[in-house]
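Here is the structure we will look at, set down as structure tokens.
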Amino acid sequence: MTIVRAGLDAPSGCNKQTTSLVIVNDPETLAKIKDAINPPVAKTAPAMVVVLSQKINAYRDRCFAVQDYSAAIENMLLAIVELGYQSCWYEGHITDEDRICDKIAQILNVPEGYDVVCILPVGKALDEVKAPVKKPYSERFRFNGWK
341 MTIVRAGLDA PSGCNKQTTS LVIVNDPETL AKIKDAINPP VAKTAPAMVV VLSQKINAYR
401 DRCFAVQDYS AAIENMLLAI VELGYQSCWY EGHITDEDRI CDKIAQILNV PEGYDVVCIL
461 PVGKALDEVK APVKKPYSER FRFNGWK
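Numbering of the sequence shown is given in the numbering used here, commencing with residue 341 and proceeding in unit increments.
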């Protein structure tokens, strides 16, 4: 519930709250989802957060669903690590042209009007976690303009 709260308490454009979550910890359901993902990922994760989004227009007929679910995912990733677990943001892998997201939606009986946009497998890392190499801060930020 800590992870769920972190995600659903994230800011939402015009408070439209376009993000919903399905927590999957049932081994049978989890196995079906993992079998639908090709190439495979998260084979050892004992749980998964499936992130759903609704396209709801907000300010000036603009939809902020991508920003909404991105904020929710970031909050959940931070909560997951704080709780001593690991995860990974899988979006493109499941939403590209082979539409794994549609298979996951069918497995979970996701209603019409909701899109599966991301999965976050949750578990203990099998290997040592190493942060990716980042560019130096001096290349990525400035004060008071780009000088």
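Note that beta-carbon positions come from the ideal geometry of N, C-alpha and C, so glycine has one too.
Buried/exposed call for P461, threshold 16 Cβ in 10 Å: buried
Whole-Å CB distance - V457 paired with L417, under 8 Å assumed: With a beta-carbon spacing of about 15 Å, V457 and L417 fall beyond the 8 Å limit used to define contacts.
I459 in three-state terms, based on DSSP: strand
Candidates I343, N378, A405 and P386: closest to G353 by CA position: Ranking the options by Cα distance to G353, first place goes to A405.
Assigned secondary structure, I447 (DSSP; H/G/I helix, E/B strand, else coil): helix
Per-residue DSSP class, three states only, for M416: Here M416 sits in helix by DSSP.
Buried/exposed call for A471, threshold 16 Cβ in 10 Å: exposed
Rounded straight-line distance, which links the Cα of S427 to that of L370: 15 Å
Counted within 10 angstroms of its Cβ, other Cβ atoms place M388 as buried (16 or more) or exposed: buried
As assigned by DSSP and simplified to three states, the class of Q426: strand
Other residues of its chain near V469: CB distance less than 8 Å, five sequence neighbours each side excluded: Q426
Inter-residue spacing [alpha-carbon to alpha-carbon] between Y399 and K356: 10 Å
C-beta atoms of K395 and T358 nearer than 9 Å: Remark: C-beta atoms of K395 and T358 approach each other more closely than 9 Å.
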